[in-house]
Amino acid sequence: MKTKNRITQLFNIEYPIIQGGMVWASGWRLVSAVSNAGGLGLIGAGSMYPEVLQEHIQKCKQATTKPFGVNVPLLYPDIDKLMEIIIEEGVKIVFTSAGNPKTWTSHLQENGITVVHVVSSLKFAIKAQDAGVDAIVAEGFEAGGHNGRDETTTLVLIPSVKKKVTIPVIAAGGIATGDAMLAAMTLGADGVQVGSRFVASNEASSHILFKQKVIEASEGDTMLTLKELTPVRLLKNNFYEQVKEAYECNATNQQLKDLLGRGRAKQGMFEGNLEEGELEIGQVSGLISEIKPAGQIVRDMMTEFESAKKKVLTF
Numbered sequence: 004m005k006t007k008n009r010i011t012q013l014f015n016i017e018y019p020i021i022q023g024g025m026v027w028a029s030g031w032r033l034v035s036a037v038s039n040a041g042g043l044g045l046i047g048a049g050s051m052y053p054e055v056l057q058e059h060i061q062k063c064k065q066a067t068t069k070p071f072g073v074n075v076p077l078l079y080p081d082i083d084k085l086m087e088i089i090i091e092e093g094v095k096i097v098f099t100s101a102g103n104p105k106t107w108t109s110h111l112q113e114n115g116i117t118v119v120h121v122v123s124s125l126k127f128a129i130k131a132q133d134a135g136v137d138a139i140v141a142e143g144f145e146a147g148g149h150n151g152r153d154e155t156t157t158l159v160l161i162p163s164v165k166k167k168v169t170i171p172v173i174a175a176g177g178i179a180t181g182d183a184m185l186a187a188m189t190l191g192a193d194g195v196q197v198g199s200r201f202v203a204s205n206e207a208s209s210h211i212l213f214k215q216k217v218i219e220a221s222e223g224d225t226m227l228t229l230k231e232l233t234p235v236r237l238l239k240n241n242f243y244e245q246v247k248e249a250y251e252c253n254a255t256n257q258q259l260k261d262l263l264g265r266g267r268a269k270q271g272m273f274e275g276n277l278e279e280g281e282l283e284i285g286q287v288s289g290l291i292s293e294i295k296p297a298g299q300i301v302r303d304m305m306t307e308f309e310s311a312k313k314k315v316l317t318f
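Add 3 to the 1-based position in the sequence shown for our numbering, that's all there is to it.
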């Protein structure tokens, strides 16, 4: 059932499934499990101090001989130290996001690292290609966590990007099943990045109460908000209601920043405070009904993918 295409060849993996590097969820246990199952695991450096990232890279190297990478949001502090550790530890794949890809792409590539940049619009996809990245993740509005302001859905974003770029395109946003994977690849994607589905896995480092909240979610339980700061898709809870009330009172950007404060994401997703924490997850949470081992998620997606292909051929 191995799939051979531009993405599997670029990363030297069996299946074109990339695990999103979600903050507070993507530690070495999840990453190594996904890579061992034939996908590409990504350590989520966005929630890690430099020394913590180094520990996770070293433990991941002990847990798998398969390729894995690191996801680095460029808006976070200590970027220089994070990149230094990534290079020192011999990581061969880096996904960057939330910043200008020109800043680090050449330096990483000079050190033998494959660079992928996450974008939410056609405009930024073209800029990323011009910056010299090896591939892009085109992430639709459905996705969890920090998102694009344009609210372009995956169904629209993938074909529009595919028409204008020549480098490999990885689809993200709203993908948790093999059926969705086939749909994205039919639209032109060379692979898929999956976030929310892996949050609800045994190996994810997110709190069990958050995982339970994800599998209990229904359609309409998430909302994209805080666009004046950095857009983020959240599960509705007491904190979200406070944000909603602030908007109704015409809160200023500074008032929104004060309400958000510091550590909200850690409080919600890692520590399990379901009411006052920030619970970042995608719309597809409404389709996730159980917590599974990460390897099983990869295998199930590939089985569904192959079944969906056969079904399409009967139309």
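Note that CB positions come from ideal geometry on N, CA and C, so glycine has one too. As the structure is a prediction and not an experimental result, all values here were calculated from the model.
By the Cβ neighbour-count rule, Asn256 is exposed, with fewer than 16 other Cβ atoms within 10 Å of its own. Of the candidates Leu212, Arg265, Leu33, Ala183, Ala183 places its Cα closest to the Cα of Val287. Between the C-alpha atoms of Lys64 and Asp133 there is a straight-line separation of about 32 Å. In the assembly as shown, Gln196 is a buried residue. Its beta-carbon has 16 or more other beta-carbons within 10 Å. In the structure shown, Phe308 falls within a helical segment according to DSSP collapsed to helix, strand and coil.
Secondary structure within the segment 28-61: the alpha helix (DSSP H) runs of 4 or more consecutive residues, fully enclosed, are 31-39 (chain order).
In the DSSP assignment, Arg236 forms a beta bridge with Gly148, Leu227. For Phe127, the secondary structure class from DSSP, reduced to helix, strand or coil, is helix. Distance check between Arg152 and each of Gly285, Pro234, Arg9 places Pro234 closest, using alpha-carbon atoms only.
In this structure, Ile10 is the residue among Gly143, Gly266, Ile10 with its C-alpha nearest to the C-alpha of Tyr18. Between Ile20 and Ala141, the alpha-carbon positions lie close to 14 Å from each other.
In the DSSP assignment, the residues bridged to Thr117 are Ile96. Per the coordinates, the alpha-carbon of Leu33 lies some 10 Å from the alpha-carbon of Ser209. DSSP links Gln132 through a beta bridge to no other residue.
Selection Gly298, Thr306, Leu263 evaluated against Glu279 yields Leu263 as nearest (Cα-Cα). Residues of the same chain with a CB within less than 6 Å of the CB of Tyr52, apart from the 5 flanking positions on each side, do not exist.
Secondary structure note for Glu91: its alpha helix (DSSP H) is the uninterrupted segment 82-91.
Rounded to the nearest angstrom, the Cβ distance from Leu290 to Asn240 is 20 Å, too far for a contact under 8 Å. Ranked by how close their Cα comes to the Cα of Gly148, the residues Ser221, Leu227, Gln258 have Leu227 in first place. By the CB criterion at 7 Å, Trp27 and Met272 fall inside the cutoff. Exclusion of the five residues before and after Ala101 leaves Pro76, Leu77, Leu78, His149 as the residues of its chain whose Cβ lies within less than 7 Å of its Cβ. The segment 162-178 and the segment 242-262 do not touch, with fewer than 3 CB-CB distances between them shorter than 8 Å. Of the residues Ser163, Gly72, Ala207, Thr106, the one whose Cα lies closest to the Cα of Ile96 is Gly72.
Listed in chain order, the non-local C-beta contacts of Leu85 below 7 Å within the same chain comprise Ala48, Pro53, Leu56, Val75, local neighbours out to five positions each way being set aside. Between Ile16 and Leu43 the beta-carbon gap is near 5 Å, inside 8 Å, which marks them as a contact.
Annotated as proximal: Ile218 and Glu293, with beta-carbon spacing under 7 Å.
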